[in-house]
Amino acid sequence: MITDQDYRYIKKELSWLSFNERVLQEAADKTNPLIERMRFLGIYSRNLEEFYKVRFSDLKRRILISEEQKLAGAPYDLLKKIQQRILVFDQKVNILYNDLLLEMARNKIFLINEYQLSDNQKTWLRHYFHNTLRQHIIPILINDNSDLMRFLRDNYTYLSVEIICGAEISYALLEIPSDKVPRFVHLPPELPRRQKPMILLDNILRYCLEDIFYGLFEYDIINAYAMKMTRDAEYDLVTEMEFSLLELMSSSLKQRLTAKPVCFVYQSDMPDVMINMLRNKLNLSKYDSILPGGRYHNFKDLINFPNVGKAHLFHKPLVQLRHVRFDRFLNGFDAIRAGDILLYYPYHTFEHVLELLHQASFDPVVLEIKINIYRVAKDSRIINAMIHAAYNGKKVTVVVELQARFDEEANIHWAKRLTEAGVHVIFSAPGFKIHAKLFLISRSENGKINRYAHIGTGNFNEKTARLYTDYSLLTSDARITNEVRQVFHFIANPYRPVHFKHLIVSPQNARHRLYRLIDNEIYHAKQGFSAEIILKLNNLVDQGLVDRLYTASSCGVKINLIIRGMCSLIPQLTGVSENIRAISIVDRYLEHDRVYIFRHGAETKVFLSSADWMTRNIDDRIEVGVVILNPILKQRIINIIKILIKDNLKARFIDKNLGNCYVQRGRRRKIRSQIAIYKYIKSLEQID
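Structure (structure tokens):
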């Protein structure tokens, strides 16, 4: 799996597929509860869809540009490797899905098809179809003039219907309306009552095909086959200067609706004539991924598989913990003023941040609130707090990132609502995203202004705070709050020079600071002292930073990497990375936080950051990292990292072969890091 051009790097696209294979391993892991395994299958499918939309699409564009400009070195081989690897994974998915269906049946949960319905269920299902489902079903008839590129929607599964009358064959498409009704429909149970039968929406339509077409078409035979198409998710910003960024984004997003397909998946027994007809209608090229699949597509809906059956079939939720400090003070500001507070989600509750912003919205001594949003929840309490703060006379500034991929439309909606409420809304420059996770609250206290800042690794999103691991640092330390204030000035005036001592700010000083931090460990290693770097990241693919880590390893710096997703660096290469160990952890929560630790002798520096080590995050976005000044909080982060490094149940080694081999436990005690971290934080909140 090593690149042909340079043995020291793994192509990021192949590394990403290796990450998604780890997700698939969780679906196959029989120690996971059965329904959680089904959901991991859904996560795998959702991830793969995004891969096609973004990374596969980008690779295809690079190939087409190379062809057009007659450039050498077009990455055809990489495209072929990707397609071959995905085909192998898809075969595993279909086998695994069937195995999971059998396992569910053993647990009295039956996901049946249209051929397995009892007479009672058939009667119930026709009633359900006519009263609930039929209003959402409008066939798309296919003829010589049909423009499927215009009508087919990106995130949906379709049934391609073959209508045979004598020697004549007609075609139509049925959209599976899983955005209107549940994909999984509970059926009346048969005896014994302990059984819990369900049926997929797809199979309801298959069963009711004659109800849909009867009286409109003459036919002898009618068949339906599943298909799904994925479009390129990129868009071009129109560049006419007379339009605002809000108008540009609204206009440019429409391009996604008609963007070219990059992947077409069809039911493996679909007739060849139908496959060729659809390929032609969708203008699929030799560079697109065209894959035979099973009877069901859009496995991503399995993410929402219902909690049915006995309690052992799904995870018992871990009760989110309250930070003891917030319960000892009358308000959040007093709690923070007593000392920096570190929250770690989803182990801690996100309610503390919501409560703080809620208090700020009507606190008489709060003068100003500044916050930047990248992805927020659908019914965001944070947005509502900002609107009410403006109503209450506070000066409110919200930096809205309109270019947050797949959240653009939602953020356009929020920007309009905020503007209508009198909030000062700032947008980033086109092509230059703001990915920092900041807010700054200014209060008038005893005749002077005190400020309270949040610097985080994750989004201000109530939903993901229950699923993603992320840190929030809440501080009133003027050394930090003054620099956070400068970041907001930098966002509003990106060409004005600024200087940061305690913050690592992309693109202002990030690359220089990170190089200097690595070089400092190299210097101490060369002097014969122990030197260590520990990084926890989502992705490590920036070649300059990878090369600096290789140099550090060659000089004797011990490097531990915890990388959830893409990793271009290859550990354990002779003469290059022998001092580097890399693992990846996939478990019930998505490992999302970014932590940088640099240590030599008795000196240790710990940073939390919103930035992965990707070129875009270092050079082309506004990202913010913060050094942890509080020694107690610094040690807590180090302790959590130590737990992660010792994981021997959910950790896999990252190596040159992308083998995803589990860390072997041997005779050591079992350590499942996420459960161990929860217990550790729970113990802190009981004794703090």
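Heads up: the sequence shown begins at 55 in our numbering, then just goes up one per residue.
Ideal placement from N, C-alpha and C gives every residue a C-beta, glycine not left out.
With a threshold of 16 other beta carbon atoms within 10 Å, Glu-272 falls short and is exposed.
Taking the C-beta atoms as reference points, His-553 is found no nearer than 8 Å to Arg-533. Taking a 10 Å sphere around the C-beta of Glu-75, we find 16 or more other C-beta atoms and assign the residue as buried. Annotated as distal: Ile-545 and Ile-495, with beta-carbon spacing of 8 Å or more. Taking 3 residues as the shortest admissible run, the segment 222-292 contains the following complete beta strand (DSSP E) segments, listed from N- to C-terminal end: 222-229, 238-240, 250-254, 275-285. Listed as beta-bridge partners of Ala-585 by DSSP are His-654. When DSSP states are grouped into helix, strand and coil, Thr-85 belongs to the coil group.
In the three-state DSSP reduction, Phe-183 falls in the helix class (H, G or I).
Met-620 sits close to Ser-69, with the two beta carbons spaced by under 8 Å. In this structure, the alpha-carbon of Leu-255 lies about 27 Å from that of His-366.
Judged by DSSP secondary structure, Thr-605 falls within the alpha helix (DSSP H) whose first and last residues are 597-608. Beta-bridge pairing by DSSP links Val-319 to Lys-282, Leu-345. Per the C-alpha coordinates, the member of Lys-84, Val-600, Lys-733, Met-281 positioned closest to Ile-697 is Lys-733. Closest in alpha carbon position to Asp-355, among Gln-145, Ile-488, Phe-238, Arg-505, is Phe-238.
With respect to the C-alpha of Arg-188, the residue from Glu-222, Ile-223, Tyr-261 having the closest C-alpha is Tyr-261. Note on Val-316: 16 or more other CB atoms within 10 angstroms of its CB, so buried under the neighbour-count rule. Residue pairing by DSSP places Thr-628 opposite no residue, since no beta bridge is assigned to it. Apart from sequence neighbours up to five positions away, the residues of its chain that approach Phe-73 with a beta-carbon distance below 6 Å are Gly-619, ordered along the chain. Contact between Thr-211 and Lys-282 holds, with the beta-carbon distance rounding to 5 Å and staying under 8 Å. A direct Cα-to-Cα measurement between Gln-728 and Lys-370 gives close to 14 Å.
In this structure, DSSP gives Thr-518 a helical state, which the three-state scheme calls helix.
Below 8 Å, too few C-beta pairs join the segment 154-161 and the segment 318-334 to call them touching: fewer than three.
Put simply, the segment 605-620 touches the segment 579-594. At least three CB pairs are less than 8 Å apart. The beta-bridge partner set that DSSP reports for Gly-510 consists of Ser-526.
Bounds of any beta strand (DSSP E) do not take in Arg-690; it lies within the alpha helix (DSSP H) bounded by 685-699. In the same chain as Leu-599, and ignoring 5 residues on each side of it, the C-beta atoms closer than 6 Å to its own belong to Trp-667, in chain order.
Taking all protein chains shown into account, Gly-512 has 16 or more neighbouring C-beta atoms within 10 Å of its C-beta and is therefore buried. Residue pairing by DSSP places Lys-424 opposite Thr-451, Leu-494 in a beta bridge.
Burial is judged here by how many other beta carbons sit within 10 angstroms of a residue's own beta carbon; Gly-510 has at least 16 and is buried. Nearest in C-alpha terms to Leu-202, of all of Met-331, Gln-170, Ile-395, Glu-80, is Met-331.
Per DSSP, Thr-669 is one residue of the alpha helix (DSSP H) stretching across 669-673.
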